[in-house]
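K.L.:
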Amino acid sequence: MKLYQKLRTAVPRLVLSQEDEEEDEEEEEDADTPTPTGHSRLAPWWVGSGLLLSAVLLSAVTVWVLRQVSGGWHSPTPPSQCHQVPESHRFDCYPERRVVVTRELCEGRGCCFIETSPAAGGKRGVPWCFYPPDFPSYALQSLNQTALGMAGLLVRREKAYYPRDIGVLRLDVELETDTRLHVKITDAANPRYEVPLDVPRAKKRAENPIYSLDFSKDPFGLLLRRRDTGTVLLNTTVAPLIFTDQFLQISTALPSRFLYGLGEHRSTLLHSLDWSTLTLWARDVSPTESFNLYGAHPFYLLLEEGGDAHGVFLLNSNAMEVALQPAPALTWRTIGGVLDFYIFLGPDPNAVIQQYQEVIGFPAMPPLWALGFHLCRWGYGSSNETWQTVRAMRNFQIPQDAQWNDIDYMDGYRDFTFDAQKFASLPSLVEDLHKHGQHYVMILVWPGYTAFADFSNVDTRRWWLENLQRFHAHVPFDGVWIDMNEPSNFMDGSEEGCPPGELDSPPYTPAVLGDSLSAKTVCASAKQSASVHYNLHNLYGLMEAEATASALIQIRGKRPFVISRSTFPSQGRYSGHWLGDNRSQWKDMYYSIPGMLSFSLFGIPLVGADICGFSGSTSEELCTRWMQLGAFYPFSRNHNSQNEKAQDPTVFSPAARTAMKDMLLTRYSLLPFLYTLFHRAHVHGDTVARPLFFEFPQDTATYGLDRQFLWGRSLLVTPVLEPGVDSVMGYFPRGVWYDFYTGSSVNSSGEMLKLSAPLEHLNLHLREGSILPTQKPGPTSKASRGNPLRLIVALSPGATAWGDLFWDDGESLDTFERGSYSYLVFNATENIFTSSVLHTSTKAASTTIGTLSIYGVQEPPHKVLLNGQEKPFSYLDNQVRPHLGCPVLEGCPQPWQGAEGAAQGGFLGWCGQLCLAAIPGCPLLSCRSSR
Numbered sequence: 001m002k003l004y005q006k007l008r009t010a011v012p013r014l015v016l017s018q019e020d021e022e023e024d025e026e027e028e029e030d031a032d033t034p035t036p037t038g039h040s041r042l043a044p045w046w047v048g049s050g051l052l053l054s055a056v057l058l059s060a061v062t063v064w065v066l067r068q069v070s071g072g073w074h075s076p077t078p079p080s081q082c083h084q085v086p087e088s089h090r091f092d093c094y095p096e097r098r099v100v101v102t103r104e105l106c107e108g109r110g111c112c113f114i115e116t117s118p119a120a121g122g123k124r125g126v127p128w129c130f131y132p133p134d135f136p137s138y139a140l141q142s143l144n145q146t147a148l149g150m151a152g153l154l155v156r157r158e159k160a161y162y163p164r165d166i167g168v169l170r171l172d173v174e175l176e177t178d179t180r181l182h183v184k185i186t187d188a189a190n191p192r193y194e195v196p197l198d199v200p201r202a203k204k205r206a207e208n209p210i211y212s213l214d215f216s217k218d219p220f221g222l223l224l225r226r227r228d229t230g231t232v233l234l235n236t237t238v239a240p241l242i243f244t245d246q247f248l249q250i251s252t253a254l255p256s257r258f259l260y261g262l263g264e265h266r267s268t269l270l271h272s273l274d275w276s277t278l279t280l281w282a283r284d285v286s287p288t289e290s291f292n293l294y295g296a297h298p299f300y301l302l303l304e305e306g307g308d309a310h311g312v313f314l315l316n317s318n319a320m321e322v323a324l325q326p327a328p329a330l331t332w333r334t335i336g337g338v339l340d341f342y343i344f345l346g347p348d349p350n351a352v353i354q355q356y357q358e359v360i361g362f363p364a365m366p367p368l369w370a371l372g373f374h375l376c377r378w379g380y381g382s383s384n385e386t387w388q389t390v391r392a393m394r395n396f397q398i399p400q401d402a403q404w405n406d407i408d409y410m411d412g413y414r415d416f417t418f419d420a421q422k423f424a425s426l427p428s429l430v431e432d433l434h435k436h437g438q439h440y441v442m443i444l445v446w447p448g449y450t451a452f453a454d455f456s457n458v459d460t461r462r463w464w465l466e467n468l469q470r471f472h473a474h475v476p477f478d479g480v481w482i483d484m485n486e487p488s489n490f491m492d493g494s495e496e497g498c499p500p501g502e503l504d505s506p507p508y509t510p511a512v513l514g515d516s517l518s519a520k521t522v523c524a525s526a527k528q529s530a531s532v533h534y535n536l537h538n539l540y541g542l543m544e545a546e547a548t549a550s551a552l553i554q555i556r557g558k559r560p561f562v563i564s565r566s567t568f569p570s571q572g573r574y575s576g577h578w579l580g581d582n583r584s585q586w587k588d589m590y591y592s593i594p595g596m597l598s599f600s601l602f603g604i605p606l607v608g609a610d611i612c613g614f615s616g617s618t619s620e621e622l623c624t625r626w627m628q629l630g631a632f633y634p635f636s637r638n639h640n641s642q643n644e645k646a647q648d649p650t651v652f653s654p655a656a657r658t659a660m661k662d663m664l665l666t667r668y669s670l671l672p673f674l675y676t677l678f679h680r681a682h683v684h685g686d687t688v689a690r691p692l693f694f695e696f697p698q699d700t701a702t703y704g705l706d707r708q709f710l711w712g713r714s715l716l717v718t719p720v721l722e723p724g725v726d727s728v729m730g731y732f733p734r735g736v737w738y739d740f741y742t743g744s745s746v747n748s749s750g751e752m753l754k755l756s757a758p759l760e761h762l763n764l765h766l767r768e769g770s771i772l773p774t775q776k777p778g779p780t781s782k783a784s785r786g787n788p789l790r791l792i793v794a795l796s797p798g799a800t801a802w803g804d805l806f807w808d809d810g811e812s813l814d815t816f817e818r819g820s821y822s823y824l825v826f827n828a829t830e831n832i833f834t835s836s837v838l839h840t841s842t843k844a845a846s847t848t849i850g851t852l853s854i855y856g857v858q859e860p861p862h863k864v865l866l867n868g869q870e871k872p873f874s875y876l877d878n879q880v881r882p883h884l885g886c887p888v889l890e891g892c893p894q895p896w897q898g899a900e901g902a903a904q905g906g907f908l909g910w911c912g913q914l915c916l917a918a919i920p921g922c923p924l925l926s927c928r929s930s931r
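Note that the sequence shown covers residues 1 to 931 in the UniProt record's numbering.
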């Protein structure tokens, strides 16, 4: 206890800036003298973060704090204080790769050098060279109140060990909303490159923020707490701030080990904090663990102890890496731009992602056909061969909405051309697709010698539009697949290499694959309209997606469909994403789930992997299982490489083909539900596919789950991810879960269950209290739209349920914004089932309600009434299906009456037809019996 008290009285000087509107003049006069005032504010972090582990840890931190306050630092660092720093809290002072760090090199930077046992598996492990407690940093020289928060100056006492360090920094803190904080650190004297992203600007200071903010003066540090729990979310005093022209570094302690995001990487959903480094630099490479992949997303979500969540976004597009260590702690390192942080306070995971998307933009509403099944391969030898695949799919009545072509269709692999011999019938193929309610998507890419288009230039965007317009006049495509837009290059830099200089050879290079910024891409010094490629590289895919989506809107006058490989925050406004050139292996199928869920966090809900794998030859078992999983990717496409055997559903045995077909029919039956989820993503920033911990943040057993996922809050998907098995283990959070197909229920206390999973079966379960709008499936989404709806009600133990339906014409622009849609909310409570029309439009399509299935009725009801009229019904184990027929909707509707005498919530029926045209003055939607 004495050590704990010692810590509290020895922390750095705090300025209580958020809660004290004016600085205390007397406090300023004594700023150089450590005092206990406000020191107890640090206690919750040390307790809540579990850092009060031992007397050794506390004494080490105390030494650091005392030395920082005294303003002294010595070189070489005394070995005693170096040994007092616990291994898990050693922040790397020499992160350079491909360098053998010696004691001489390390101490030349004024850092501690202690050798430790090498980490297993080639990992970096505990750094041998790390910052001593008294390493110099910036001091907070001044802090003043502003209309939105605070502004101050940070001053460095001594030079950093990277060139051109910036001695005076400007700090801007804006309390933008009650749940969003904006912190920006930049050069106080000279402008620097900043990401040209359109972000919202706060108009007034938050009135009731759920966070509190303190600052350490010397060394400078920010301490952010959650008000209701006292949990310290950020504490940047744990390591020195470094801000040079081409090396920016800031570290923070973390309140827990449950960290997600920071893409794009191939890994588990929950990141390991065991000395791992995540690099963000867009790169063309087959998805491989530990490599920097196609996109850059400097955003993380962290679950705190107790289930609260917060998120942190660094708005910076330069090459960067994020170092994780088991303290738990995190270090951001970037080689340009500014430190521009947004912190989102949630407090639940869903709210964090909504708040993040309020900054980067909500995703676009896709056309309905984009949610159907897509088929592609690299290796269709001709348009006739492509056409044969389409016909085979139709002959077997396997649902398909879009046919794609890879680079085979091009004339000499040149964009905006097609091979006049092998693909002479391509225009006729596209015409045939359109006649059958299907769509055509083509790739745009640049193999061969290339001058890369600069999409930051408005003239380039105009040129892009004109070329797409000319090609569309010959081949009326419906969507565009933009590939290799990291941008990818088959050589490093250019034929002549890259020029000498600190853009292509910076003082520090993050841990990028290839050890060079130009590895398999263009030179960082390449000039673009908006800046140099050094700054814009990670934005290339975003800028191309924006240009392509804009062109499609002008050409087709409908919602654009764009799928991009390279991505950056805000990409969901313009495109979806596929997870790249995976392999036909079981582990690749597994990794697609954390990949998909991570992009849900990044605000790109239209995401999926190449079903059955891109490279290598699949097996029938693998492809069957993958088609089952892939039917529940938000973006569902089967695609493979040239010189591999075909893997579309038609080429497999009748049993496998039937299993694949049945699963696609299940997907198509769920399109109304899936479409509504995308509407909620577009309007509210909800996720479509989501991890279980989003819905059950208090259940720690869900934190590491990434072999299952949810659609929305209601539908649990448990795929088979291993060969040669006929069962699968799945976790069921506490509550009642219903088998999607049969309505049979399991009342879980929060447990792993073994589920039967023969090759033809995918386990799907409905969460209690949900209502899903489904539809009789057709061969295309267009054909399905005209089929009757079926509502599935999954009752809670209290016999309640809720659901909704968004419906429009499926392709027009801005239907929600223009009010050209219908939106219904379904409720079941107290034996009454109602459908409330919250919005309707005469321009919205109408459809028919065919059946209503009610899961959770444990005994057959005596009778079922529809508006007072008795209706026949059938009762199966645990569910009621009324037999209803109501051909028209007339008059002002009334609430449906419940079934009388049913045990545990026997329910009423639903009318046979639901008209989504305008019903003036009617708050409830029902229909009278035709009898």
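Cβ atoms here follow ideal geometry from the backbone N, Cα and C, with glycine treated the same way.
Nothing here was measured: the structure is a model prediction, and the numbers come from that model.
Along the alpha helix (DSSP H) that carries residue 325, what are the first and last residues, could you check?
P.N.:
Locating residue 325 in the sequence shown gives position 325, counting from the first residue. Counting along the chain, residue 325 falls outside any alpha helix (DSSP H), though it belongs to the beta strand (DSSP E) covering 320–325.
K.L.:
Cβ of residue 209 within 9 Å of Cβ of residue 177?
P.N.:
Along the sequence shown, one-based indexing puts residue 209 at 209. Along the sequence shown, one-based indexing puts residue 177 at 177. A contact, by the Cβ cut-off of 9 Å.
K.L.:
Name the DSSP bridge partner or partners of residue 112?
P.N.:
Taking the sequence shown and counting its residues from 1, the one referred to as residue 112 is at position 112. BP columns for residue 112 point to 130.
K.L.:
Using the three-state DSSP reduction, which class does residue 853 fall into: helix, strand or coil?
P.N.:
Residue mapping note: residue 853 aligns to position 853 of the sequence shown, counting from 1. In this structure, residue 853 counts as strand in the three-state DSSP scheme.
K.L.:
So, residue 445 versus residue 491, is the Cβ gap smaller than 9 Å?
P.N.:
Numbered from 1 along the sequence shown, position 445 holds the residue referred to as residue 445. Numbered from 1 along the sequence shown, position 491 holds the residue referred to as residue 491. Taking 9 Å as the Cβ cut-off, residue 445 and residue 491 do not qualify as a contacting pair.
K.L.:
Which full runs of the alpha helix (DSSP H) of 4+ residues lie inside the segment 425–494, going along the chain?
P.N.:
DSSP runs (the alpha helix (DSSP H)) wholly in the segment 425–494: 426–435, 458–474.
K.L.:
What whole-angstrom Cβ distance do residue 151 and residue 218 have, given they're in contact under 8 Å?
P.N.:
Position 151 of the sequence shown, counted from the first residue, corresponds to residue 151. Position 218 of the sequence shown, counted from the first residue, corresponds to residue 218. That pair is no contact at about 18 Å.
K.L.:
Between which two residues does the alpha helix (DSSP H) holding residue 383 run?
P.N.:
Within the sequence shown, residue 383 is the residue found at index 383, counting from 1. Unbroken alpha helix (DSSP H) run through residue 383: 383–395.
K.L.:
At 4 residues or longer, and completely inside the segment 559–621: list those alpha helix (DSSP H) runs for me, N to C.
P.N.:
Counting whole runs of 4 or more residues, the segment 559–621 contains the alpha helix (DSSP H) stretches 586–601.
K.L.:
Count the other CB atoms within 10 Å of the CB of residue 874; is the residue buried (16 or more) or exposed (fewer)?
P.N.:
As a first step, residue 874 must be located in the sequence shown, where it is residue number 874. It counts as exposed.
K.L.:
Which residue comes first and which comes last in the beta strand (DSSP E) that contains residue 403?
P.N.:
For the purposes of this step, residue 403 is taken as residue 403 along the sequence shown, with counting starting at 1. Where residue 403 is concerned, the enclosing beta strand (DSSP E) stretches over 402–405.
K.L.:
Tell me whether the beta-carbon of residue 691 lies closer than 9 Å to the beta-carbon of residue 673.
P.N.:
Here residue 691 is taken as the residue at index 691 of the sequence shown, counted from 1. Here residue 673 is taken as the residue at index 673 of the sequence shown, counted from 1. Cβ distance not < 9 Å, so residue 691 and residue 673 don't count as in contact.
K.L.:
Given that a residue counts as buried once 16 or more other Cβ atoms are within 10 Å of its Cβ, and exposed if not, what is residue 360?
P.N.:
By one-based count along the sequence shown, residue 360 stands at place 360. Buried, since its Cβ has 16 or more Cβ neighbours within 10 Å.
K.L.:
I'd like to know if the segment 191–203 and the segment 327–337 are in contact, where contact means that at least 3 CB-CB pairs between them fall below 8 Å.
P.N.:
Output reads yes: the segment 327–337 touches the segment 191–203.
K.L.:
Compute the Euclidean distance between the alpha carbons of residue 504 and residue 516, then round it to the nearest angstrom.
P.N.:
In the sequence shown, counting from the first residue as 1, residue 504 sits at position 504. In the sequence shown, counting from the first residue as 1, residue 516 sits at position 516. Answer to the nearest angstrom: the Cα atoms are 8 Å apart.
K.L.:
According to DSSP, residue 184 sits in a beta bridge with which residue or residues?
P.N.:
Start at 1 with the first residue of the sequence shown, and residue 184 comes out as number 184. In DSSP, residue 184 forms a bridge with 172, 340.
K.L.:
How many Å lie between residue 659 and residue 602 at the Cα?
P.N.:
To locate residue 659, count along the sequence shown from 1; it is residue 659. To locate residue 602, count along the sequence shown from 1; it is residue 602. Residue 659 and residue 602: Cα-Cα distance of roughly 32 Å.
K.L.:
Between which two residues does the alpha helix (DSSP H) carrying residue 683 extend?
P.N.:
The count along the sequence shown starts at 1 and reaches residue 683 at position 683. 671–684 is the extent of the alpha helix (DSSP H) around residue 683.
K.L.:
Between the alpha carbons of residue 526 and residue 248, how many angstroms are there, rounded?
P.N.:
On the sequence shown, position 526 is the one that residue 526 refers to. On the sequence shown, position 248 is the one that residue 248 refers to. Looking at the two C-alpha atoms, the distance is approximately 22 Å.
K.L.:
Please list, in chain order, all residues of the same chain as residue 410 whose beta carbon is under 6 Å from its beta carbon, the five residues on each side excluded.
P.N.:
Against the sequence shown, residue 410 aligns to sequence position 410. The answer, listed in chain order, is 417.
K.L.:
If you reduce the DSSP assignment to three classes, tell me which class residue 752 lands in.
P.N.:
On the sequence shown, residue 752 is found 752 positions in, with the first residue counted as 1. Looking at residue 752 - three-state DSSP - the assignment turns out to be strand.
K.L.:
Can you pull the DSSP bridge partners for residue 932?
P.N.:
Nothing in the structure corresponds to residue 932, since the chain is present only between 1 and 931.
K.L.:
I'd like to check one pair, residue 438 with residue 369: are the Cβ atoms closer than 9 Å?
P.N.:
As a working note, residue 369 is residue 369 in the sequence shown. As a working note, residue 438 is residue 438 in the sequence shown. Taking 9 Å as the Cβ cut-off, residue 369 and residue 438 qualify as a contacting pair.
K.L.:
Of all the beta strand (DSSP E) runs that stay within the bounds of the segment 699–751, which reach a length of 3 or more residues?
P.N.:
Whole beta strand (DSSP E) segments, 3+ residues: 709–711, 715–718, 727–732, 735–739, 745–748.
K.L.:
Over the uninterrupted alpha helix (DSSP H) stretch that includes residue 351, give me the two end residues.
P.N.:
Position 351 of the sequence shown, counted from the start, is the residue given in the question as residue 351. Run containing residue 351: 349–360, per the alpha helix (DSSP H) assignment.
K.L.:
Here's a check: name, in chain order, each residue in its chain whose Cβ is nearer than 6 Å to the Cβ of residue 713, leaving out the five neighbours to either side.
P.N.:
As a working mapping, residue 713 is identified with position 713 in the sequence shown. The answer, listed in chain order, is 695.
K.L.:
At what residue ranges does the segment 629–669 contain a whole run of the beta strand (DSSP E), taking only runs of 3 or more?
P.N.:
List check, beta strand (DSSP E) in window: 636–638.
K.L.:
With a Cβ-Cβ cutoff of 9 Å, do residue 747 and residue 377 count as a contact?
P.N.:
Against the sequence shown, residue 747 aligns to sequence position 747. Against the sequence shown, residue 377 aligns to sequence position 377. The answer is no: Cβ separation not under 9 Å.
K.L.:
Given residue 321, which residues of its chain have a CB within under 6 Å of its CB, disregarding the five upstream and five downstream residues?
P.N.:
By 1-based counting over the sequence shown, the position of residue 321 is 321. If we look at residue 321 and ignore the five residues flanking it on each side, its Cβ neighbours are 277, 279, 333, 510, 511.
K.L.:
Could you give the DSSP three-state label for residue 297: helix, strand or coil?
P.N.:
Position 297 of the sequence shown, counting from 1, holds the residue named residue 297. Residue 297: strand per DSSP, three-state reduction.
K.L.:
Please name the residue, chosen from 366, 805, 799, that lies closest to residue 789 on a Cα-to-Cα basis.
P.N.:
Walking along the sequence shown from the start, residue 789 turns up at place 789. Measuring from the Cα of residue 789, the nearest candidate turns out to be 805.
K.L.:
Which term fits residue 544, buried or exposed, when burial requires 16 or more other beta carbons within 10 angstroms of its beta carbon?
P.N.:
Stepping through the sequence shown from its first residue, residue 544 is reached at position 544. Under this definition residue 544 is a buried residue.
K.L.:
Less than 9 Å separating the beta-carbons of residue 764 and residue 399?
P.N.:
The sequence position of residue 764 within the sequence shown is 764, counting from 1. The sequence position of residue 399 within the sequence shown is 399, counting from 1. No, these two residues do not count as a Cβ contact at 9 Å.
K.L.:
Using only the alpha-carbon positions, how far apart do residue 637 and residue 434 sit?
P.N.:
Reading the sequence shown from its first residue, position 637 is the one you call residue 637. Reading the sequence shown from its first residue, position 434 is the one you call residue 434. One C-alpha to the other measures close to 19 Å.
K.L.:
What is the residue span of the alpha helix (DSSP H) that residue 534 lies within?
P.N.:
Counting from 1 along the sequence shown, the entry for residue 534 is found at position 534. Note, residue 534: alpha helix (DSSP H), 533–536.
K.L.:
Looking at residue 292: is its Cβ nearer than 9 Å to the Cβ of residue 513?
P.N.:
By 1-based counting over the sequence shown, the position of residue 292 is 292. By 1-based counting over the sequence shown, the position of residue 513 is 513. Result yes, Cβ atoms of residue 292 and residue 513 sit closer than 9 Å.
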